[in-house]
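Here the structure comes first, spelled out in structure tokens, and everything after it is commentary.
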Amino acid sequence: MTLYRGTFGALSVFAASLWFGLPATSTPQDAVGPHGATPIDVQERRLDALRIGDGSAVPRGVDPEMWKIHQPEDNATDAARVALGRKLFFDARLSRDASVSCATCHDVARGFGDARPASEGIDGQVGRRNAPPTMNLFAVAPAFWDGRSPTLEHQAIQPLINPIEMGMPSHDAVVAKLKDIPDYPPLFRAAYGREPNIADTGRALAAFQRMLVFLDAPFDRWRAGVADALSDSERRGFALYEGKARCATCHPLNASQPVGTDNLFHNTGVSADKRDFEKLVRKVLLALDYGNSTADVDHLALATDMGELGRFVVTKRRHDIGAFRTPQVRNVAVTAPYMHDGSMATLWDVVDHYNKGGVDNPFLDGGIEALALSETEIDDLVAFLFALTDDRLAGPKSTARDAQYERSRKVRPFRDADAAARRRSGFESQVFGGKDDGK
Amino acid sequence: MTGPDSARAIDVARVDRRSFLRVVSAGVVGLCAGGTEPFAAPAASSPGRVDAFRFAVIADAHLSVDPRNDRAEKALLRAVAEVNAMDPQPDFVVFGGDLARDGRKDALAFGARILKAVKAPVRMVVGDHDRHLDGGAAWRGLFGDEEYAWTHKGVRFVVVNGVRRVGEATSAATRDPAPPGPLHADDRRRAAFEVGEEGRARLAVHLAAVTKETPVVVLSHAPLYKLHRGWNLWTEDAEAVHAILAPFENVTVVHAHAHQPLAHRIGTIDFHGMIATAFPLPRPPEGVPSLSFPIDRPNPFNPADGCGIGWVRIAADGTADATHGLWNREPITVTGRYLRRAGTEDRPPRARRPSY
Amino acid sequence: MAMKTYLIAISIVVGVSASQWPTGSGADAETRRAFPSIPKPHDNRDVVVDGNSTAPGSYGGYSATDVAAWERETYKLVLEGARVFHDATAIGSDIGVSCGTCHPDGSGTHPETYPKYQVQIGRAALLRDMIDWCSRQSARGAALGADDPRTRALEAYLTAQRQGATIRYGKH
Chain A
0 MTLYRGTFGA LSVFAASLWF GLPATSTPQD AVGPHGATPI DVQERRLDAL
50 RIGDGSAVPR GVDPEMWKIH QPEDNATDAA RVALGRKLFF DARLSRDASV
100 SCATCHDVAR GFGDARPASE GIDGQVGRRN APPTMNLFAV APAFWDGRSP
150 TLEHQAIQPL INPIEMGMPS HDAVVAKLKD IPDYPPLFRA AYGREPNIAD
200 TGRALAAFQR MLVFLDAPFD RWRAGVADAL SDSERRGFAL YEGKARCATC
250 HPLNASQPVG TDNLFHNTGV SADKRDFEKL VRKVLLALDY GNSTADVDHL
300 ALATDMGELG RFVVTKRRHD IGAFRTPQVR NVAVTAPYMH DGSMATLWDV
350 VDHYNKGGVD NPFLDGGIEA LALSETEIDD LVAFLFALTD DRLAGPKSTA
400 RDAQYERSRK VRPFRDADAA ARRRSGFESQ VFGGKDDGK
Chain B
0 MTGPDSARAI DVARVDRRSF LRVVSAGVVG LCAGGTEPFA APAASSPGRV
50 DAFRFAVIAD AHLSVDPRND RAEKALLRAV AEVNAMDPQP DFVVFGGDLA
100 RDGRKDALAF GARILKAVKA PVRMVVGDHD RHLDGGAAWR GLFGDEEYAW
150 THKGVRFVVV NGVRRVGEAT SAATRDPAPP GPLHADDRRR AAFEVGEEGR
200 ARLAVHLAAV TKETPVVVLS HAPLYKLHRG WNLWTEDAEA VHAILAPFEN
250 VTVVHAHAHQ PLAHRIGTID FHGMIATAFP LPRPPEGVPS LSFPIDRPNP
300 FNPADGCGIG WVRIAADGTA DATHGLWNRE PITVTGRYLR RAGTEDRPPR
350 ARRPSY
Chain C
0 MAMKTYLIAI SIVVGVSASQ WPTGSGADAE TRRAFPSIPK PHDNRDVVVD
50 GNSTAPGSYG GYSATDVAAW ERETYKLVLE GARVFHDATA IGSDIGVSCG
100 TCHPDGSGTH PETYPKYQVQ IGRAALLRDM IDWCSRQSAR GAALGADDPR
150 TRALEAYLTA QRQGATIRYG KH
């Protein structure tokens with residue numbers, strides 16, 4: 000555990016320092032693999048240490064009835080499927096130049112993400128979206144920040160052929176490759192009773208990821224009755240989470256929905272101040288008119304500015320403009336940076352963003368309101384968010400907390416005290432053109 | 000085109016003219032606010048015909064300055080921002096009444112200042128809350144006469160004060176029949192609304208200027224029909240008002256006050272009830288016209304849910320299609336055709352979780 | 000702000016000393032005039048026994064005055080609820096919003112559908128949980144605990160307004 004903690008912490012701080020200028024408190028102890036990811040053998044050892052279930056039983060922390068409901072009819076979790084999925088997950092041979100695997104961007108040693116604002120794929124290409132952690136996905140659907148995949152099974156095979164991720168020319172090419180690798184056909188036959196094919200590839204990857212359950216946090220012990228599992232500050236934070244800070248509506252945390260997402264899409268204005276939504280809308284409609292296959296939408300989302308329209312690119316419904324899926328809140332301590340574009344470095348930034356009521360734009364979710372949280376309340380709420388970290392990630396959690404705390408005492412780029420206290424609405428400058436003399 | 004956006008197939012320059020026109024004709028240019036609505040450019044003017052056009056509606060802002068309700072304020076600002084972003088711009092914007100919650104002069108003035116930022120011309124309608132304290136004196140000081148008319152592109156617009164209280168014209172004692180106190184309490188103890196003798200006379204005069212074939216749009220805060228007395232969705236002299244409108248072939252009443260979409264047709268008169276910016280109201284327990292359709296119940300987490308702006312498109316034949324631009328929801332359009340075909344065509348989408 | 004502090008102070012005092020009962024100050028008569036449509040409690044006159052058939056003091060026999068008192072006490076709780084429901088200051092709203100602003104006559108509150116999962120709260124809720132949520136979030140007012148006299152009165156009023164409705168717990 001000591002080794003694990005040290006390595007994880009060092010790496011995540013190192014990666015964060017690349018993007019946010021955080022002071023690196025130590026240098027990486029492990030060699031770094033392609034695209035800056037933790038080497039696969041290190042990741043696999045780390046995963047073993049995390050003692051994930053093999054698929055033969057309901058994962059710990061999951062309500063058995065809900066687990067049943069989340070199980071797809073055609074892909075019930077079992078050990079053979081999970082084993083195949085695990086092998087596929089770490090296999091870089093599934094990318095065009097054999098440099099990128101799922102684990103490149105969903106790095107076991109970096110909270111199953113990559114600790115960067117946006118991910119890097121083949122040839123060093125960088126996309127536009129932050130890699131969501133592949134933890135607790137059993138309860139998360141539809142998939143992707145814009146929900147363009149209805150299921151985890153469907154999602155798992157899209158990066159294989161995205162030109163800036165794994166870059167394979169086609170799913171057929173992926174299957175051909177799998178058939179050529181002697182290990183795979185027997186594993187596929189054992190798992191699904193068929194030769195390798197793309198749908199079963201997605202199923203196996205989904206089955207493996209469903210077992211990545213991390214729901215054993217101080218918060219869970221506290222709710223189970225261990226009164227001192229949470230500190231006073233964390234308990235106050237939870238009261239804010241359910242009350243004044245209005246978190247629980249979109250991030251429900253109950254036994255049946257333990258991961259903290261409503262699985263819906265909301266415009267909270269994350270990209271509103273940087274983009275002209277209307278120009279993008281015109282562009283995206285022209286683009287979709289030209290081609291709107293799954294691959295086209297995938298490309299728009301990852302490789303163009305139009306991805307900033309979020310859910311709209313998928314549905315073309317105007318109320319989805321700038322809306323992105325509600326991410327889970329579990330283990331957020333170790334999944335910085337935050338938001339669909341990885342634009343926020345710390346949880347203080349995230350709370351600042353919501354405290355000021357997001358960024359006003361014509362498509363803003365009206366439920367996003369200024370919260371008037373005090374600095375103490377912000378600290379309490381952040382403390383609670385850290386208490387949602389699985390105990391197995393306690394080491395990285397404490398490293399991340401130190402780094403984020405330190406940064407938050409120096410820079411708070413998303414803080415806006417006037418807006419947070421409801422003294423000023425962002426629409427005022429839009430309507431009065433910034434020339435208003437106040438009330 | 001260069002840069003990352005043109006990385007692959009999505010080079011706008013390569014989109015051929017036909018597909019560009021297809022996009023444009025689908026009405027998707029200018030997505031903000033009302034922009035999604037198909038909108039034909041005005042046809043060449045021909046005598047006796049209407050040039051199709053569109054006007055926007057903002058209503059029921061319920062501003063207050065003491066205590067300051069930043070939510071109501073933000074909602075009105077948002078409405079103004081959206082109307083200003085409409086492309087093409089509406090010919091004018093109707094404010095459908097209830098600018099201020101309790102009719103205080105400072106709240107009305109504050110609202111007037113926000114509405115001054117509307118780019119298109121604004122036409123004001125007085126609401127019951129606006130008149131709550133002083134019978135409308137402060138409101139008239141800011142916005143002028145409560146009842147007026149004009150002709151726009153072949154359509155006669157008449158603004159009526161539909162929120163006089165029965166008896167207020169004849170009795171000084173009932174000049175302010177709604178005592179200060181909680182608004183939105185059971186309204187049965189207050190006098191009902193009426194257009195009143197004076198209002199009806201002015202309506203008749205305003206209509207005398209045009210022929211019976213001229214399409215007429217009546218703008219009122221209250222619905223101008225009898226819906227639910229308990230919440231004062233009720234016009235006591237509705238029948239007399241309808242009688243004045245009856246000779247005209249093509250009449251549309253656009254009203255507010257109910258804080259929800261309402262649709263109705265009586266005789267030759269179409270009624271469109273528009274949504275509020277401040278907050279939605281549940282379905283009245285009785286009297287909802289059969290052509291009205293419930294929307295999915297608003298979620299109170301989002302105070303803007305069930306709220307929004309509206310716009311009305313007047314077609315060349317003078318019929319009016321009203322669109323409810325609900326915030327964070329799909330807009331709902333209620334066509335004149337839906338009303339005139341007794342709901343058999345152009346049915347709005349069915350609600351799955353209506354109020355009950 | 001001073002008003003709000005004052006109200007909080009009152010609610011604490013009342014909460015400790017007399018949370019079970021509505022205050023009887025004659026305010027109910029005024030409320031009753033203001034809200035004539037509030038249904039009366041169930042008519043219990045049929046349980047009054049003839050004074051000759053059952054000896055006073057035994058179980059099972061209640062007099063007309065008993066029944067009248069029950070009705071009066073029950074109705075007063077409901078009327079107090081109506082008062083609180085329509086008064087923004089009673090729930091300490093910062094933005095001048097009362098329950099009645101959005102729910103005329105208690106409409107759209109569906110007391111007969113509780114307990115049910117409330118997405119706003121993120122868990123299964125009782126009516127009193129939603130009253131508390133609405134006071135804090137929709138009206139930006141006081142936190143109304145389960146035993147707060149205002150909560151009890153509001154619950155009474157909302158239930159009275161749905162006299163005759165069928166209980167369908169969990170309905171959305």
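Going down the list, the sequences are from chains A, B and C.
Sequential numbering of the first sequence, starting at 0, is according to numbering that gives the first Met the number 0.
Sequential numbering of the second sequence, starting at 0, is according to numbering that gives the first Met the number 0.
Sequential numbering of the third sequence, starting at 0, is according to numbering that gives the first Met the number 0.
No residue lacks a Cβ here, since even glycine has one placed at the ideal position from N, Cα and C.
For residue 148 of chain A: DSSP bridge partner residues: The partner list for residue 148 of chain A (beta bridge, DSSP) reads A:142.
Contacts around residue 138 of chain C, its chain only, beta-carbon distance under 6 Å, and the 5 residues preceding and following it disregarded: 90, 92, 96
C-beta contact flag for residue 158 of chain B and residue 219 of chain B at 9 Å: yes
Sequence-distant residues of its chain with Cβ nearer than 6 Å to residue 29 of chain B (five each side left out): Per-residue confidence for residue 29 of chain B stands at a pLDDT of 37, beneath the threshold of 50, marking its modelled position as unreliable; no derived number is given.
Three-state secondary structure assigned by DSSP to residue 323 of chain B: strand
Contacting residues, own chain, Cβ-Cβ under 7 Å from residue 421 of chain A (five flanking each side not counted): 369, 371
Expected contact under 8 Å - CB spacing of residue 155 of chain C and residue 127 of chain C to nearest Å: So it is not a contact: roughly 11 Å between Cβ atoms.
Minimum Cβ-Cβ distance from residue 98 of chain B to chain A less than 9 Å: no
Chain-ordered neighbours of residue 326 of chain B on chain A, where CB pairs are closer than 8 Å: 318, 365
Spatial neighbours of residue 106 of chain A in its chain, beta-carbon cut-off 6 Å, leaving aside the 5 residues before and after: 36, 37, 113
Where residue 439 of chain A meets chain C, residues with beta-carbon distance less than 7 Å: Nothing about residue 439 of chain A can be read from this structure; chain A reaches only from 0 to 438.
Closer than 9 Å to chain C by CB, residue 477 of chain A: Any question about residue 477 of chain A goes unanswered here, given that chain A covers just 0 to 438.
Backbone CA spacing between residue 253 of chain B and residue 105 of chain B [nearest angstrom]: 27 Å
Euclidean distance between Cα positions of residue 22 of chain B and residue 32 of chain A: Low per-residue confidence applies at residue 22 of chain B: pLDDT is 33, beneath 50, and the placement is therefore not dependable, though the value from the model is reported in the following sentence. The alpha-carbon of residue 22 of chain B is positioned some 46 Å away from that of residue 32 of chain A.
Distance between residue 278 of chain A and residue 60 of chain B (C-alpha atoms, nearest Å): 29 Å
Residue 300 of chain B at chain C interface by Cβ criterion, 9 Å: Chain C, which has a Cβ nearer than 9 Å to the Cβ of residue 300 of chain B, makes this yes.
Under 8 Å (Cβ pairs) to chain C, residues found in the region 253-266 of chain A: Within the region 253-266 of chain A, the residues whose Cβ lies closer than 8 Å to any Cβ of chain C are, in chain order, 253, 256, 261.
Contacts of residue 69 of chain B in chain A (Cβ-Cβ under 8 Å): 369, 421, 424
8 Å contact criterion, which residue 194 of chain B and residue 163 of chain B should meet: CB distance rounded: About 7 Å separates the two Cβ atoms, so the contact holds.
Three-pair Cβ contact test at 8 Å for the region 140-157 of chain A versus the region 281-300 of chain A: yes
Anticipated Cβ contact below 8 Å, residue 46 of chain A with residue 204 of chain A, distance rounded: Residue 46 of chain A to residue 204 of chain A, Cβ: 14 Å. No contact.
Given residue 167 of chain A as reference, the closest of A:186, A:197, A:318 once Cα atoms are compared: Taking only the C-alpha atoms, the option nearest residue 167 of chain A is A:197.
Local Cβ density within 10 Å of residue 96 of chain A, reported as buried at 16 or more and exposed below that: exposed
Stretch-stretch touch, CB-based, cutoff 8 Å, three pairs: the region 223-242 of chain B with the region 128-136 of chain B: no
Per-residue DSSP class, three states only, for residue 123 of chain B: strand
Three-state class that DSSP yields for residue 115 of chain A in the structure shown: coil
Those residues which DSSP pairs with residue 149 of chain B across a bridge: In the DSSP output, where bridge partners are listed per residue, residue 149 of chain B has B:156.
Under 7 Å by beta carbon: chain C residues contacting residue 281 of chain B: 102, 106, 107
Short CB-CB distance (under 9 Å) between residue 170 of chain A and chain C: Interface with chain C (9 Å Cβ-Cβ cutoff): residue 170 of chain A is excluded.
At least 3 beta-carbon pairs within less than 8 Å: the region 72-86 of chain C vs the region 156-169 of chain C: yes
Environment of residue 233 of chain B [buried if 16+ CB atoms lie within 10 Å]: buried
For residue 115 of chain C and residue 170 of chain C, believed in contact at Cβ under 8 Å, the rounded distance: 7 Å
contact_flag[the region 67-78 of chain C, the region 121-136 of chain C] where n(CB pairs < 8 Å) is 3 or more: Result no; under three Cβ-Cβ pairs closer than 8 Å.
Closer than 9 Å to chain B by CB, residue 130 of chain C: no
Spatial neighbours of residue 168 of chain B in its chain, beta-carbon cut-off 8 Å, leaving aside the 5 residues before and after: 195, 196, 197
Straight-line gap, residue 98 of chain A to residue 91 of chain A (C-alpha atoms, nearest Å): For residue 98 of chain A and residue 91 of chain A, the distance between alpha carbons rounds to 5 Å.
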